[in-house]
Amino acid sequence: MNTPLLQVAGLTKRFGGIAAVNNVSFDLQAGRIVGLIGPNGAGKTTLVNLITGVHQASSGSLRFNGEDVSGQRPFESALRGLSRTFQIVQPFPKMSVLDNVAAGALYAGRSPSLHQARDEAMEHLEFVGLRALANRPAASLTLPSRKRLELAKSLAMRPKLLLLDEVNAGLNSAEIVAAIELIRAIAARGITVLLIEHLMKVVFSLCDDLLVLHHGELIARGEPQTVANDPTVIEAYLGSKYAQRMAG
Amino acid sequence: MKRSIAVFIVFAIAIALVPLGGNNFFVQQATFVAMYCTLALSWNLIGGYAGYPSFATAAFVGLGAYAGALLQNAGIPMVFAWAGATLVTGVFAALLGFGLLRMKGHYFAVGSISIVEVLRLIASSWSSLTGGGEGLNLPILAGGPEFAGRLYLFAMLSMMVIAFGMTVWVDRGRLGFGLRCIEQNEDAADMVGINVTRYKTMGFTLSALCCGTVGAISASWVAYIAPTDAFSILMTLKVPVMVLLGGPGTILGPVIGATGFVLLEQTVWAQFLDYNQAALGIVIVLLIFFLPGGLLGLTRRTSRIPATAAHPVSQEPPAATGHPAAVETVTQAQSSKGVHA
Amino acid sequence: MEFLQVIVNGLTLGALYACLAVGFSLVWGVLNVINMLHGSLIILGGYLTVYAWQHWQVHPLVALLPVAGLLFLLGWVVQMTMINRLVRQPVLTTLTVTFGLDLILYNAMNVVFDATPRRVTLDLGTLSLGDVVLPWDRVIAFALALGLTLALYAVMRTSKMGRAIVAVRMDRDAAELLGIRIDRVYAMTFAIGAGLAGACGALMALVFPITTNISGLILGKAFVVCVIGGLGTVPGALVGGLALGLIESFGGNWFGPQNAVLIGFGLMLILLMTRPTGLLGRKGYE
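First to last, the protein sequences are chains W, Z and S. Residue numbers for the first sequence follow this note's numbering, so the first one is 1138 and each next one is one higher. Residue numbers for the second sequence follow this note's numbering, so the first one is 489 and each next one is one higher. Residue numbers for the third sequence follow this note's numbering, so the first one is 1482 and each next one is one higher.
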């Protein structure tokens, strides 16, 4: 078996007295679409922040592609092939949509020149369906388009692992269906995807594997059907009384 | 871009031809214009592209002046002294940047002004080295005033060309693109793979280099320096205004702004000797209130970065609650032809 | 110099610094505008007080209130006409405009009055407590500076306007949603800042010679106090002011008076790089 793409061991992050992420350990094999779910405040975004270097872990270790990356800074993580989208999208507002994506290609994507970066950016925009908006300022986009821009930008970064943080928040049903297709197409390109999601239909249709976080701890892991029937998971989402009722 | 370069070349040639007119006053004016263009172009790198409101220009100019003076007085030939001063200023900026660039917005501005003050105070009190409040004299160039006038004009003109070249190089390449990203969303820039600290420091250091040389050249030109003139708060404030006037984040904006400002200063309010500060103040106020896009913004060409004052960005006030950077809707009509310049 | 004397000197100076900076700090904290006019406003207060003394024999303590009132009005007008438009602009813009305004004020003062240093000399003798010697005019200035600052604190805590100002400082948008008239609050804050500056100027005129040439120096001190103590709160200005006074007093004592200012700035720079929110920081709510 190959070395897992991502190895998280005993990862903990404390803010003041609270452990937002507590002793989380898991391995991610390349080539899968993995879902990261859990109730609000479970620590999902914090975990992604830890993996991409936005926060430094209080303890524990992180290995990416066999390399120890604890203590890396966000740009280092990007250069290593870890790319992420934000829950609240963060474009470069005054730049054109094209240039936003070109930024991803130029730096993390290691494009040799700005010109080439822009060419690559155009391809990515085509892929997500934003080609027509290439020359508009990023700030003028609607929310669904901005989400796609985020996606295009993170793809331009040539990631090995793509972390999608609630990429479907704020989208309507039709838009969500389109997003699911897009994510599948991304995975088909060989990019490993970790998806933070609240919407079960997305999780069930896309993910081969699920990680469940609750109060910062990893409480379950496995295929979606198994996890959905796991009493611990049910308790976490719906409370202990419901779990008891389900159990018998 | 090509048009801007062409305009600049014509402008530089025009300045180079001034001595032919035979009028020493105009030669001197042209030297001032070239000097401020250099300072404005330099400032633009950190203030325009990266969006860090630096008021440290006078610190670099003054440091360059003193370094140059000390080197010249130690016997080093003038041009080498200028080079040495540039090096000193560059190293200083790189080291300073490490601490200063961690701050943002107001704190960075305040920090950068303080550097000017601190250096001035040090220059004033370290009399054994700097001559203290008395100042330092420099050797006067042999060859007579007319020759000197032309020499210094060409020195400043060369600096202006170098500064312009630097700007074009930055504007076209990864550094400029990266600085623009940093200006618009520093966290996103980090996430996209830009080594933000390194880029900011590079921008800051580049912005200091020509200032140091200008300081050294000025010192040789006037043949005398003293703390208050070398570390002039007035200068450190005028330079950003010049860039704001001309259009920050563009390659020609600083040149237009500096030239306009210097000429305005010389023709209009040098007349009102007693009121020239108030006149300057009035100009600044009117400028900001009525011309927020800078002169370049007027012609509705796509400035790469619209001038900061035109698009109020809600700045994080000191009691910020940690909201993500507000994404503002661009209101100015953006012609898209400028994207692939 | 006697240790106690150094401390007392530091504290008396510090109270003056606190009073000097509190208006500046409030404007910065609430409007998010760095008011480069502040130093000149203080000088204006001093000049007016001296003028009243020299020409109309008005005792400076009597002149204090009208001078403060006058500057309050001036501040209100300046804010409503100009500063208001700057409030959400980037730093570069606000700093440059207020600097431009400062140039105008500075020049106007030089033309109308001129730059000769002047003060009000009340020969009140000195107070001796043990080994510590204090000129009485200093004591009065110190007491009043402290008193004004504390009075402001009381007003901020108890009055409706005071509470509104604090609310706007904490969260402008939330305050607006609550029905607080932001432009009124801004105008009031700026005016209070100007009024206090005027009062401080009057007090300074009692203690040392005032001239337009030191307006920049005074502004510098306001910066340092804000960074040391934290922005936008009266306790912050008080802590910062007293701290700076002590630092300068001890620094001047150990390293020579000419280096006292340098030490203050140096400390500010270090703090900016490490803990920019100052000693009381953002938690220093009133």
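In this text, a Cβ means the ideal position worked out from N, Cα and C, and glycines have one as well. These figures come from a predicted structure and were not determined experimentally.
Task: Within 8 Å, strictly: CB atoms of residue 1331 of chain W and residue 1173 of chain W - done: Yes, the Cβ-Cβ distance between residue 1331 of chain W and residue 1173 of chain W is below 8 Å.
Open item on the list: With DSSP as the reference, identify every bridge partner of residue 712 of chain Z, one or two as the case may be.
Closed with: Residue 712 of chain Z is bridged to Z:625.
Open item on the list: Rounded to the nearest angstrom, what separates residue 809 of chain Z and residue 1654 of chain S at their Cα positions?
Closed with: Residue placement at residue 809 of chain Z cannot be trusted, given a pLDDT of 33 that sits under 50; the coordinates are not used to answer.
- [ ] Could you name the residues of chain S that residue 581 of chain Z contacts, counting a contact when the two beta carbons are closer than 9 Å?
- [x] Residues of chain S with a Cβ closer than 9 Å to the Cβ of residue 581 of chain Z do not exist, since the nearest Cβ in that chain sits about 15 Å away.
- [ ] Would you mind sorting residue 510 of chain Z into buried or exposed? The rule is 16 or more other CB atoms within 10 Å of its CB.
- [x] Residue 510 of chain Z comes out exposed.
- [ ] Please name the residues in the region 1282 to 1308 of chain W whose beta-carbon is closer than 8 Å to at least one beta-carbon of chain Z, in chain order.
- [x] Correct list: 1290, 1294.
Task: Nearest-angstrom Cβ-Cβ length linking residue 571 of chain Z and residue 707 of chain Z, presumed shorter than 8 Å - done: Wrong, their Cβ atoms sit about 14 Å apart, outside the cutoff.
Task: C-alpha distance - residue 508 of chain Z paired with residue 499 of chain Z, whole-angstrom precision - done: Pairing residue 508 of chain Z with residue 499 of chain Z, the inter-Cα distance amounts to about 15 Å.
Open item on the list: Between W:1281, W:1184, W:1327, which has its C-alpha nearest residue 1354 of chain W's C-alpha?
Closed with: Cα-wise, what sits closest to residue 1354 of chain W is W:1184.
Task: Continuous alpha helix (DSSP H) assignments of at least 4 residues falling wholly in the region 1659 to 1693 of chain S - done: Qualifying alpha helix (DSSP H) stretches, in chain order: 1663 to 1688.
Open item on the list: For residue 680 of chain Z, which residues in the same chain have their Cβ closer than 8 Å to its Cβ, ignoring the five residues on either side in sequence?
Closed with: Taking C-beta separations shorter than 8 Å and ignoring five residues to either side along the sequence, the partners of residue 680 of chain Z in its chain run 669, following chain order.
Open item on the list: Does residue 603 of chain Z pass the burial test, meaning 16 or more other C-beta atoms within 10 Å, or should it be called exposed?
Closed with: By the neighbour-count rule (16 or more Cβ atoms within 10 Å), residue 603 of chain Z is buried.
- [ ] Check whether the region 1494 to 1511 of chain S touches the region 1700 to 1710 of chain S, counting contact only when three or more Cβ pairs, one atom from each stretch, lie closer than 8 Å.
- [x] In short, these stretches touch, since the Cβ pair count reaches three.
TODO: Verify the CB distance criterion: does residue 534 of chain Z have a CB-CB separation below 8 Å to chain W?
DONE: False, the Cβ-Cβ gap to chain W never drops below 8 Å.
Task: Proximity to residue 709 of chain Z [Cα-Cα], best of Z:514, Z:525, Z:593, Z:556 - done: Taking only the C-alpha atoms, the option nearest residue 709 of chain Z is Z:556.
- [ ] Spell out a yes or no on whether the region 762 to 773 of chain Z and the region 1580 to 1594 of chain S are touching, meaning 3 or more CB-CB pairs, one atom from each, closer than 8 Å.
- [x] At 8 Å Cβ cutoff, the stretches touch.
Task: Span of the alpha helix (DSSP H), counted from its first residue to its last, around residue 1508 of chain S - done: In the DSSP assignment, residue 1508 of chain S falls within the alpha helix (DSSP H) that extends over 1484 to 1512.
- [ ] Compare the Cα-Cα distances from residue 731 of chain Z to each of Z:741, Z:538, Z:657 and report the closest residue.
- [x] That would be Z:741, whose Cα lies nearest to the Cα of residue 731 of chain Z.
Open item on the list: Below 8 Å on the Cβ atoms is my contact criterion, and I expect residue 1167 of chain W with residue 1329 of chain W to pass it. Report the Cβ-Cβ distance as a whole number of Å.
Closed with: Contact flag correct, Cβ pair sits at about 5 Å.
TODO: Please say whether residue 658 of chain Z and residue 537 of chain Z have beta carbons closer to each other than 8 Å?
DONE: Yes, Cβ-Cβ distance for residue 537 of chain Z and residue 658 of chain Z is below 8 Å.
Task: Alpha-carbon to alpha-carbon, residue 1508 of chain S and residue 1521 of chain S - done: Distance between residue 1521 of chain S and residue 1508 of chain S, taken at the CA atoms: about 15 Å.
- [ ] Using three-state DSSP, classify residue 1335 of chain W as helix, strand or coil.
- [x] Residue state, collapsed to three classes: coil.
TODO: List the residues that DSSP assigns as beta-bridge partners of residue 1149 of chain W.
DONE: Note: residue 1149 of chain W sits in a beta bridge opposite W:1196.
Task: Proximal residues of chain W, C-beta to C-beta of residue 669 of chain Z below 8 Å - done: Under the 8 Å cutoff, chain W gives 1229, 1232, 1240.
Open item on the list: Can you list, in chain order, the residues of its chain with a C-beta nearer than 6 Å to that of residue 671 of chain Z? Leave out the 5 residues immediately preceding and following it.
Closed with: Once the five neighbours on either side are set aside, the close Cβ partners of residue 671 of chain Z are 538, 539.
- [ ] Please decide whether residue 599 of chain Z counts as near chain S, where near means a Cβ-Cβ distance under 8 Å.
- [x] Taking 8 Å as the CB threshold, residue 599 of chain Z lines the interface with chain S.
TODO: Give every residue of the same chain whose Cβ lies closer than 6 Å to the Cβ of residue 750 of chain Z, excluding the five residues on either side of it in the sequence, and list them in chain order.
DONE: Taken in chain order, the residues that qualify are 520, 521, 524.
TODO: Give the single residue among S:1590, S:1684, S:1726 whose Cα lies nearest to the Cα of residue 1543 of chain S.
DONE: Comparing Cα positions, the closest option is S:1684.
- [ ] Label residue 1568 of chain S either buried or exposed according to how many other C-beta atoms from any shown protein chain fall within 10 Å of its C-beta, with 16 as the threshold for buried.
- [x] It counts as buried.
Task: One or two residues paired with residue 1351 of chain W in a DSSP bridge - done: Beta-bridge pairing links residue 1351 of chain W to W:1354.
Task: Counted within 10 angstroms of its Cβ, other Cβ atoms place residue 1334 of chain W as buried (16 or more) or exposed - done: Classification for residue 1334 of chain W: buried.
Open item on the list: Just to confirm before moving on: does the CB-CB distance between residue 1158 of chain W and residue 1199 of chain W stay below 8 Å?
Closed with: Not a contact, by the Cβ cut-off of 8 Å.
Task: Minimum Cβ-Cβ distance from residue 619 of chain Z to chain S less than 8 Å - done: Judged by the 8 Å Cβ criterion, residue 619 of chain Z is not in contact with chain S.
Task: Distance between residue 1753 of chain S and residue 1630 of chain S (C-alpha atoms, nearest Å) - done: Their backbone Cα atoms lie some 25 Å apart in a straight line.
Task: For residue 1553 of chain S, three-class secondary structure by DSSP - done: Residue state, collapsed to three classes: helix.
TODO: Reducing DSSP to helix, strand and coil, say where residue 1204 of chain W ends up.
DONE: Strand at residue 1204 of chain W.
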